[in-house]
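Below is one structure, written out as structure tokens, with a few remarks after it.
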Amino acid sequence: MSKWTKLRDKVRAKILSILGLVGGSAAAAPAASAGRVAPWDACTRASCWGGSNASVRVMNALSPRMPEAVFRERVAWTKGRGADTIHLCLVNKGDGEYAGYSPWGVGRRPSAGATDADVVKRMLERIAYCRAQGLAVVIWLQADDSSDWARALASNADRCVARIAEAGLLDAASTVVAGLEMDEYWNATHARAVVSAIRAHYHYKVGTHHTGGRTTFASLGDILFYQVEPGRSAAQIKADTKSALKTGKPVNFFELSRGPARDLCKAAFSAGAFGVGNW
Numbered sequence: 026m027s028k029w030t031k032l033r034d035k036v037r038a039k040i041l042s043i044l045g046l047v048g049g050s051a052a053a054a055p056a057a058s059a060g061r062v063a064p065w066d067a068c069t070r071a072s073c074w075g076g077s078n079a080s081v082r083v084m085n086a087l088s089p090r091m092p093e094a095v096f097r098e099r100v101a102w103t104k105g106r107g108a109d110t111i112h113l114c115l116v117n118k119g120d121g122e123y124a125g126y127s128p129w130g131v132g133r134r135p136s137a138g139a140t141d142a143d144v145v146k147r148m149l150e151r152i153a154y155c156r157a158q159g160l161a162v163v164i165w166l167q168a169d170d171s172s173d174w175a176r177a178l179a180s181n182a183d184r185c186v187a188r189i190a191e192a193g194l195l196d197a198a199s200t201v202v203a204g205l206e207m208d209e210y211w212n213a214t215h216a217r218a219v220v221s222a223i224r225a226h227y228h229y230k231v232g233t234h235h236t237g238g239r240t241t242f243a244s245l246g247d248i249l250f251y252q253v254e255p256g257r258s259a260a261q262i263k264a265d266t267k268s269a270l271k272t273g274k275p276v277n278f279f280e281l282s283r284g285p286a287r288d289l290c291k292a293a294f295s296a297g298a299f300g301v302g303n304w
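Counting in this note's numbering, the sequence shown runs from 26 upward without gaps.
Here it is as structure tokens:
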């Protein structure tokens, strides 16, 4: 057993003990209770962006570039808004503050090679902290504004996702989403490969997400994380939600503004969305 494997297993065992999971499987915790992995449909309220024009990116909280104090401030802000869920990106080359990280290291793209032990350790510790604070965790494999890294992930999806899963980074996820704005950087072959790889290592709901108003790869996933361009009224958000539901997928109206928008979130809920990202 390699030094890395021993370290990974030690960190994973500690975190799973904190979370109350048995055997490192999300299946061990069907209920949304303290220390347990919440089911996908209990992940209803998240607040993923703050500041001016989404300058504050809660989703980048796993970045090693983000100082620990800032990370804890982001979690506290999320809880303070009444959220029950935090969404976290694993691979992000250029999307927003503290970008330029992946489980393979700071400034390193996905590959079939081993992940970075120190980076994975910090990511796992931060996931555990979010769970200990009572937040469900939704993991997004890939951020947008990172096209070459996204294609590196998709071109070797089986091995890349296997490395992520072996590191324990999917163990506490209530849902795994393939990527932010998938249609920005993947074609159908890429998207299918990544979703298939996720399903090989994670046996619960898989999400898809697209650029504004699109549902290009919705059929590949179990849940549609939906987005529209900002500036929509509450009445329009209701209509958008109903349109998205026509895909036959449960809808998380993930992005309907560039910051907190409680009234618009309530409009999405009233039209049948089970979750939102701008609470």
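Just so you know, even glycine gets a beta-carbon here, dropped at the ideal spot from N, CA and C.
Can you give me the start and stop residues for the beta strand (DSSP E) that residue i sits inside?
i           : result
residue 299 : Looking at the DSSP string, residue 299 is not in any beta strand (DSSP E), and its letter there is neither H nor E.
residue 193 : Looking at the DSSP string, residue 193 is not in any beta strand (DSSP E), and its letter there is neither H nor E.
residue 233 : 231 to 234
Compare the C-alpha of residue i against each of the options and name the closest.
i           : options            : result
residue 154 : 113, 66, 69, 241   : 113
residue 70  : 98, 162, 272       : 162
residue 223 : 294, 260, 139, 190 : 190
residue 254 : 74, 237, 299, 87   : 237
residue 170 : 156, 181, 209      : 209
residue 231 : 287, 193, 263, 164 : 164
residue 202 : 291, 124, 116      : 116
residue 90  : 266, 75, 132       : 132
residue 119 : 192, 173, 83, 111  : 173
residue 139 : 128, 104, 289      : 128
residue 207 : 176, 188, 93       : 176
Just list the residues that DSSP pairs residue i with in beta bridges.
i           : result
residue 111 : 162
residue 167 : 116, 204
residue 76  : Residue 76 pairs with nothing; no bridge assigned.
Does residue i come out as helix, strand or coil in the three-state DSSP assignment?
i           : result
residue 277 : strand
residue 253 : coil
residue 181 : coil
residue 127 : strand
residue 285 : coil
residue 304 : coil
residue 156 : helix
residue 70  : strand
Starting from residue i and walking both ways along the alpha helix (DSSP H), at which residues does that stretch end?
i           : result
residue 96  : 93 to 105
residue 84  : Taken as a continuous stretch (DSSP letters only), residue 84 belongs to no alpha helix (DSSP H), as it is neither H nor E.
residue 13  : Outside the modelled stretch of the chain, which goes from 26 to 304, sits residue 13, for which no answer is possible.
residue 141 : Residue 141 -> no alpha helix (DSSP H), and no H or E assigned at all.
residue 268 : 259 to 270
Report the CB separation of residue i from residue j in whole angstroms; it is logged as a contact under 8 Å.
i           : j           : result
residue 102 : residue 199 : Wrong, their Cβ atoms sit about 20 Å apart, outside the cutoff.
residue 186 : residue 215 : Actually they do not touch by this definition, with Cβ atoms about 13 Å apart.
residue 242 : residue 277 : Contact flag wrong, Cβ pair sits at about 15 Å.
residue 219 : residue 246 : Their Cβ separation, rounded to whole angstroms, is 11 Å, which puts residue 219 and residue 246 out of contact at 8 Å.
residue 72  : residue 275 : Between residue 275 and residue 72 the Cβ distance is about 20 Å, and since that is not below 8 Å, they are no contact.
residue 271 : residue 295 : Contact flag wrong, Cβ pair sits at about 17 Å.
residue 97  : residue 83  : Going by Cβ atoms, the distance from residue 97 to residue 83 rounds to 12 Å, so no, they are not a contact pair.
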